[in-house]
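Numbering (full-length UniProt numbering), first residue to last: 1 to 101.
Note that the Cβ used here is the ideal one computed from N, Cα and C, for glycine as well.
Note that this is a predicted model, so its numbers are computed, not measured.
What follows is a single structure, written as structure tokens, with notes after it.
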């Protein structure tokens, strides 16, 4: 199945503790159905100091389910994603505006 959300897409969180937050997708795990979004679903990771790295409490973005994310269209609103063929290629388009993504 083609991916509706891909790395680099601007998305908004639809549910959970970070509802309404926006960010860019850093990575996607299609097998698990999860994505890591910059600045969303942050947790504190406690790390020990090493010779070349400072230790302490470091914020880390944890994966969030793809069903809780929606793509942002050109107007900055959440939209669903559809597929259509243009010039023999399968492209994604925003259902609200009809523009290709």
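Using DSSP bridges, identify the partner residues of residue 32.
The partner list for residue 32 (beta bridge, DSSP) is empty, contrary to what the question assumes.
Considering residue 10, what are the terminal residues of the beta strand (DSSP E) in which it resides?
10-13 is the span of the beta strand (DSSP E), which, as asked, contains residue 10.
If you drop the 5 nearest sequence neighbours on each side, which residues of the same chain put their C-beta closer than 6 Å to that of residue 48?
For residue 48, where only same-chain residues beyond five positions count, the Cβ hits under 6 Å are 55.
Counting along the chain, where does the beta strand (DSSP E) carrying residue 63 start and finish?
Careful: residue 63 lies outside any beta strand (DSSP E) and carries neither H nor E.
Heavy atom of the ligand MN less than 7 Å from the Cβ of residue 84, yes or no?
Summarising the ligand content, the structure contains no ligands, and the ligand MN is consequently not present.
Which residues in the same chain have their Cβ closer than 6 Å to the Cβ of residue 19, if we skip the five residues on either side of it in sequence?
Answer for residue 19: 13, listed in chain order.
In whole angstroms, give me the CA-to-CA distance for residue 90 and residue 53.
Each residue's Cα considered, the two are about 45 Å apart.
If you check the beta carbons only, do residue 94 and residue 71 fall under 8 Å apart?
In this structure, residue 71 lies closer than 8 Å to residue 94 by Cβ.
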